[in-house]
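K.L.:
First the structure, then my questions, so here it is.
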Amino acid sequence: VVCVVDWTGLLNSAHMKWRQALAEAAGTTVDRVTVHVVHQHNAPFACLDADQIIAAQGDLPLTIEKDFFDNCLRSARTSVQQAMQAPVPVTHIASGQAAVLQVASNRRLIGLDGKVRSQRGSSSKLPEHQKYPEGLIDPMLKQVAFYNGDRKVAACYYYACHPMSYYGDGRVSSDFCGLARKQMQIDDPNCTHLYFNGCGGNIGAGKYNDGSKAMRPVLMQRMLAGMQESAKTLQPEEVASVKWGTQDILPLVNPTIDVEKLMVQITDPKQSVVNRNRPAYAVAWAQRIQNEIPLTLSGLHINSVSMLHLPSECFVEYQLRAQAQVPARFVACAAYGDGGPWYIPTADAYPQGGYAPSVAWCSSAIDPMLSTGIQSLLAEV
435 VVCVVDWTGL LNSAHMKWRQ ALAEAAGTTV DRVTVHVVHQ HNAPFACLDA DQIIAAQGDL
495 PLTIEKDFFD NCLRSARTSV QQAMQAPVPV THIASGQAAV LQVASNRRLI GLDGKVRSQR
555 GSSSKLPEHQ KYPEGLIDPM LKQVAFYNGD RKVAACYYYA CHPMSYYGDG RVSSDFCGLA
615 RKQMQIDDPN CTHLYFNGCG GNIGAGKYND GSKAMRPVLM QRMLAGMQES AKTLQPEEVA
675 SVKWGTQDIL PLVNPTIDVE KLMVQITDPK QSVVNRNRPA YAVAWAQRIQ NEIPLTLSGL
735 HINSVSMLHL PSECFVEYQL RAQAQVPARF VACAAYGDGG PWYIPTADAY PQGGYAPSVA
795 WCSSAIDPML STGIQSLLAE V
């Protein structure tokens with residue numbers, strides 16, 4: 435089961451509950467289920483473990499409504515059960531790609547001293563952010579399409595970029611990536627269209643997006659053009675081989691995380707709500723690692739196509755490395771799976787500083803560990 439949820443995040447046990455529910459509904463095992471989020475920010479962000487810590491304080495607002503979470507999970511389970519009653523055979527697969535122009539840019543602007551001098555983010559009005567080059571990105575939007583005979587039944591799109599134009603106004607939105615996907619669904623209603631965020635942890639639209647409401651449809655059209663162009667390169671071929679593989683990794687906790695100090699901050703009523711709630715996510719991650727609950731990476735390999743399923747907010751380097759490892763294969767990366775670790779920078783990003791390493795719950799040892807896991811998945815085919 436490959437699933438993408440139009441939410442900001444599914445973390446730790448919340449993510450596992452989705453995997454378990456969909457596995458039960460499909461009559462399979464949890465290791466054969468991968469669940470991702472799109473990660474637009476005007477949407478639910480679910481960490482039941484952090485909420486338990488928050489709820490124990492008695493005077494803090496929770497971050498997710500449990501009834502809403504349970505209802506969504508119940509609906510997802512029912513949908514899979516119903517789908518299993520009318521399965522559609524996949525006989526052919528196709529892959530294609532096209533460059534998306536003037537959307538993605540690297541968020542981390544590095545100064546001459548080798549340190550992050552500025553965070554470009556998803557939007558900016560600063561001339562400096564607009565003048566700086568895009569930096570390291572993956573400009574290609576990738577599509578993997580599945581066919582029953584000559585009928586396209588599903589299309590999966592992959593692009594590495596934070597999917598936000600503007601947010602924080604309290605209005606739930608799928609934002610520009612979701613709107614582009616929706617338009618593809620309208621234009622091709624007999625095919626199921628799914629959008630996966632790639633390794634976009636250090637990628638945003640800040641070079642090209644000033645955060646105005648007028649920019650959302652502009653960015654949407656640029657994404658839509660990439661989706662449409664990628665479809666033109668599809669050449670269906672008969673399915674000859676299928677393989678599914680998984681790799682479990684158990685990262686080390688970032689040594690800057692001091693659970694005792696964070697709990698003092700969480701319990702301090704003089705602190706702001708944000709300063710009390712946010713540390714609960716780091717504590718939840720530390721407790722998870724103490725309980726030795728791993729992250730699961732997976733890969734679906736069909737013919738010469740490899741679809742990798744990775745956790746949380748991976749930096750784009752992981753995606754580019756994966757593609758370089760097997761240049762003869764078409765590699766599509768879906769990140770933003772289990773969001774427990776928050777950001778997953780590369781090892782060299784930690785000493786550079788900046789926002790992402792400050793909210794990366796894993797130590798820098800996550801880089802070789804995750805990279806080895808990805809290499810193992812790709813070495814199996």
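Numbered per this note's numbering, the sequence shown spans residues 435 to 815. Every residue gets a Cβ at the ideal spot worked out from N, C-alpha and C, and that includes glycine.
Are three or more beta carbon pairs between the region 642 to 662 and the region 764 to 775 nearer than 8 Å?
P.N.:
no
K.L.:
Would you report the Cα separation of Phe-610 and Met-657, rounded to the nearest angstrom?
P.N.:
Here the question's residue 610 lines up with position 176 in the sequence shown. Here the question's residue 657 lines up with position 223 in the sequence shown. Spanning the two alpha carbons is a distance of roughly 8 Å.
K.L.:
Where Gln-757 and Gln-515 are concerned, what is the direct C-alpha to C-alpha distance, given to the nearest angstrom?
P.N.:
As a first step, residue 757 is located in the sequence shown; it is residue number 323 there, counting from the start. As a first step, residue 515 is located in the sequence shown; it is residue number 81 there, counting from the start. Cα-Cα distance, rounded: 35 Å.
K.L.:
Applying the criterion that 16 or more other CB atoms from any shown protein chain within 10 Å of the CB defines a buried residue, is Lys-586 buried or exposed?
P.N.:
As a first step, residue 586 must be located in the sequence shown, where it is residue number 152. With 16 or more other Cβ atoms within 10 Å, it is buried.
K.L.:
Within 8 Å, do at least three Cβ pairs link the region 640 to 651 to the region 588 to 599?
P.N.:
yes
K.L.:
Starting from the Cα of Gly-904, find the closest Cα among Thr-806, Gln-786 and Val-793 and give me that residue.
P.N.:
Here the chain covers residues 435 to 815 and nothing more, so residue 904 does not appear.
K.L.:
For Gln-553, which residues from the same chain have a beta carbon less than 8 Å from its beta carbon, with the 5 sequence-adjacent residues on both sides left out?
P.N.:
Your numbering for residue 553 matches position 119 in the sequence shown. Correct list, in chain order: Arg-541, Arg-542, Leu-543, Gly-788 and Tyr-789.
K.L.:
Spatial neighbours of Thr-462 within its chain, please: C-beta separation below 8 Å, excluding the five flanking residues on both sides.
P.N.:
To locate residue 462, count along the sequence shown from 1; it is residue 28. Cβ within range, chain order: Val-435.
K.L.:
Pick helix, strand or coil for Gly-612, following the three-state DSSP scheme.
P.N.:
For the purposes of this step, residue 612 is taken as the residue at position 178 of the sequence shown. It is helical.
K.L.:
Below 6 Å CB to CB, which residues in the same chain sit around Leu-628 once its five sequence neighbours on both sides are set aside?
P.N.:
Working through the sequence shown from its first residue, we reach residue 628 at position 194. Only Val-438 and Cys-590 meet the Cβ criterion.
K.L.:
Measure the beta-carbon distance from Asn-688 to Ser-805 and round it to whole angstroms, keeping in mind my assumption that it falls under 8 Å.
P.N.:
Here residue 688 refers to the residue found at position 254 when the sequence shown is read from its first residue. Here residue 805 refers to the residue found at position 371 when the sequence shown is read from its first residue. With 8 Å as the limit, Asn-688 and Ser-805 do not qualify as a contact, their Cβ atoms being about 18 Å apart.
K.L.:
Quick check on DSSP: helix, strand or coil for Trp-452?
P.N.:
Walking along the sequence shown from the start, residue 452 turns up at place 18. Here Trp-452 sits in helix by DSSP.
K.L.:
Hey, out of Tyr-777, Leu-729 and Arg-511, whose CA is closest to Phe-749's CA?
P.N.:
Position 315 of the sequence shown, counted from the start, is the residue given in the question as residue 749. For Phe-749, the nearest C-alpha among the options comes from Tyr-777.
K.L.:
Tell me which same chain residues have a C-beta within less than 6 Å of the C-beta of Gly-634, skipping the five on either side of it?
P.N.:
In the sequence shown, counting from the first residue as 1, residue 634 sits at position 200. The answer, listed in chain order, is Ala-594, Cys-595 and His-596.
K.L.:
So if DSSP puts His-563 in a beta bridge, which residue, or which two residues, is it bridged to?
P.N.:
Reading the sequence shown from its first residue, position 129 is the one you call residue 563. In the DSSP output, where bridge partners are listed per residue, His-563 has none listed.
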